[in-house]
Each structure stands twice: as structure tokens, then as C-alpha cells.
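Novice:
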Amino acid sequence: MKIGLCRTGLRAVLLLEDGSVYHGCGFGAKRTVVGEVVFTTSMVGYPESLTDPSYAGQILIITHPLVGNYGVARRDLSIYGVPLHFESDRIWVTGFIIHELTEPSHWSSIMSLDEWLKRENVPGIYRVDTRALVKKIRERGVMMGVLKVYDPDEEDPNIDELWKLLETAPRYDQIRFVDIVSPKEVIIHEPDKPELTVGIVDCGVKYGIVRELLKRRCRVIRYPPSTDPAKIVEECDGVIVSNGPGNPSILKDIIENVRSLVEYDVPILGICLGHQLISLSLGASTFKLKYGHRGPNKTVKDLETGRCYITTQNHGYAVDPESAEKAGFKIWFINVDDKTVEGLKHVKKRIITTQFHPEAGPGPHDTSWIFDLFIKMMKAQ
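Going letter by letter, the sequence shown gives residues 653 to 1033 in my numbering.
Pasting the structure below:
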């Protein structure tokens, strides 16, 4: 496609490991990054996606053609101090790919998307054919890429050097991104008149999960994943193993900690990566999906009731169903499109898991009742 004039004054180039090269306009930070290139089908919600720790290490494509329309909101719009329109305190995506960068028009906006990415040192490319990019990924699968944003008056990109950088960079699957996004110290969130205390094994928890718990008058304690399970069990009525980025099977020490939590027989809810870690801790296995499930329009089916729900998802790995059943689980939810496992219940222990995100609002708040079920499990002790 023709690039035309770039009103940001910057150019950008994207290289994929299949040999393809895309030129476009640049925005955000002038820098070069390497990451796994993935896409989301979200039409809105770019502040939530960009700040989702589960996207660490990834260059994100948004399929909707216009991005930036409502700018970036104020952080003082919050619930008990937890911002409403963000999923963490910073942008976690490695790079951003969109079709057209728009100027914001919204009462709560305090800056443009371009300004925000500059402040957070994240590069972006626009005026590329995102439809063609997504079609390529759907056919070939996710792949590593290198993105460079540069000032054409100062430099020209050396394509050969970018190829070398891409070839020598570590693969996404090999990096422990949880160590980067998880807290180093305990973090506590207090609602008015707390009734229960929930511990989160924080592998990169989304603020949406914290907000849902605070709304239900739960005191929330976020623990680094290396925390002694005995301490968590002593201080909490129940435990959530959170979402997070990367390959779950390489997190051997965290899997061991989760196994110890399971042995204490406390009520446990696993979400996304947490669903995978709990499964692995009891002997199930995981596998990588061709291009993952990322977006707010993913349908799952509750096998207990036959009901379907529209869910928000962001994952590139899934739990093998046969190994899950051998590990003592029954399949709770499945993905309507590809029949992958979307939720589990343990047949003996007080453990429930979802691969999707019950805290997210894909339009309706279809699955927020998962938190109510978890609270009932804690109160029934």
C-alpha cells in the first residue's frame, strides 16, 4: 500500500521471519525492538490491551482500522485507587502495529496515543495493511519480527542488520517474561469493610481482576510468584493464580509453588496463565496454538449447562484435554470455534480455572459470575 506523507515525521519498517518486509509511518518512540508478532480482534480497548502484562514480549497488531480515537484517559478515574481504563501501571507490549493513527476526541483524554507511546518508549508503525498481516499470521502462525521506527532525515534503516538482529534474538517461547512483569514485593489493595482476603499469585495480574475482587469487598494481597505458599495460605481465604505472559511450561519453580498451594486444599481460581500453571502442577500438559486467541469476541460453551458466553481472551497456549482429565479435572468450558479447553474443575479439590478472562467486559459482562462462584467457595469453608 502507498504510505504517503507521515504527519508524525517518522518512518518505520517491520520485518517478519518468513522474509516479508513492510514499510510504513512511525509513531511513538524512535527505537528498534524484536518480539513475537500477534493480533487482536478488539475494535476498542487499546489502552487496556497495551497495558496488559500478558502482552509482554509481543508486537501487537490491532485489526480495527482506526486506532487512537479516544486518546488516553486520566488515571484518577479509579476504583479504590485502581485505574479504570488500564490493566497495569505501564505499557507492556514491545511494539504496536495499526492501520491508521487518529487524533483523539474524548472528554477524559489527556494525551494522544502517539504521545503516550513516546512517553513509554514504545515504537509503533501505521499505514500498513493490517488485514494482509493478520491473514498471513492466520495462515502461517505467529512469528518473530523486528520493528524499527526512525527519522528519515537522520538515518536510513539497514535491512541486513535488522535481519541479523532478528535471526540472533531469543525466541519468545524461551524467555521468562513473568519475571519481568511480576511484582518484587507484596502489594495490598483495601476496599471498604472487607469481608474476605484473596491472595493473588501475581504473574502479571490485570487490574480488572483486582477491581472485580474489590467490588465484592475482598481485601486483595498480590504476592510475587516466588512467595512461600504457606505464607499465602496463612494470610488468605482463597487464592487466585493470575494471568501473565509467556510459555507456561518453562516456569518450573512457579509450577512447584502452585503444586504446594494445591496440596493445602484452599479454594483456588486460575485465570489464563494461572489455568495453565494449575493444570501443569497436577500433571497435565500444554501446547502452543497456531496464532492464539486474542480479542473480546471469543465464544465458549459451559459443558455443565450447555450455555454459551462471549468472552475476552489473550493467550497463545492451551491445556491438552486428555492430560487434564488424567490429572483429575473435568472439562468445564470449551472454545466453540476450535474445541480447545477454556475451563476446568477439579473432581476432588476446590479448584476452578478459566482460560478466558472473566473480569473483562467484551460488551456484556457475561462471565463475571465466575468471581461470585469463587467467593461462594471461600465462604463455604
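For every residue, glycine included, the Cβ atom is placed at its ideal position computed from N, Cα and C.
Hey, could you find the ends of the alpha helix (DSSP H) proline 804 is sitting in?
Specialist: Premise fails: proline 804 is in no alpha helix (DSSP H) and is neither H nor E.
Novice: Terminal residues of the continuous beta strand (DSSP E) containing asparagine 987?
Specialist: Asparagine 987 -> beta strand (DSSP E) spans 981 to 987.
Novice: Unbroken alpha helix (DSSP H) runs of length 4 or more, entirely within the region 762 to 814: which are they?
Specialist: Complete alpha helix (DSSP H) runs here, min 4: 765 to 771, 782 to 792.
Novice: If you measure between the beta carbons of valine 994 and isoleucine 986, is that distance less than 7 Å?
Specialist: The amino acid occupying residue 994 in the given sequence is glutamate; valine does not appear at that position. Yes, these two residues count as a Cβ contact at 7 Å.
Novice: What residue does the beta strand (DSSP E) around histidine 650 start on, and which one ends it?
Specialist: Nothing can be reported for residue 650: it is not among the residues displayed for the chain, which extend from 653 to 1033.
Novice: Would you say isoleucine 1022 reaches chain D, if we count a Cβ-Cβ gap shorter than 7 Å as a contact?
Specialist: Of the protein chains in this structure there is only one, and it is not chain D.
Novice: Would you grab the beta carbon distance between valine 724 and methionine 763 for me? Rounded to a whole angstrom, and I think it's under 8 Å.
Specialist: Right, the Cβ-Cβ distance comes to about 5 Å (below 8 Å), so this counts as a contact.
Novice: Roughly how many angstroms separate the alpha carbons of glycine 926 and valine 893, rounded to a whole number?
Specialist: Computed Cα separation, rounded: 4 Å.
Novice: Compare the C-alpha of lysine 770 against each of Thr782, Glu886, Arg783, Thr746 and name the closest.
Specialist: Cα-wise, what sits closest to lysine 770 is Thr746.
Novice: Comparing the CB of aspartate 844 with every heavy atom of the ligand SAM, is any distance shorter than 6 Å?
Specialist: This structure does not include the ligand SAM; it has no bound ligands of any sort.
Novice: Identify, in the order they occur along the chain, each residue of the same chain with its Cβ nearer than 7 Å to the Cβ of methionine 695, setting aside the five sequence neighbours on each side.
Specialist: So the qualifying residues of the chain are His716.
Novice: Give me the Cα-Cα distance between glutamate 813 and leucine 667, rounded to the nearest whole angstrom.
Specialist: Distance between the alpha carbons of glutamate 813 and leucine 667: 11 Å.
Novice: Cα separation between tryptophan 759 and tyrosine 707?
Specialist: If you take the alpha carbons of tryptophan 759 and tyrosine 707, they lie about 28 Å apart.
Novice: On a Cα-Cα basis, can you pick out the residue from Val971, Leu903, Asp954 that is closest to arginine 828?
Specialist: If we check each option's Cα against that of arginine 828, Leu903 comes out closest.
Novice: Using the three-state DSSP reduction, which class does tyrosine 671 fall into: helix, strand or coil?
Specialist: Strictly speaking, residue 671 in this sequence is glycine, with tyrosine absent from that position. Coil at glycine 671, not helix or strand.
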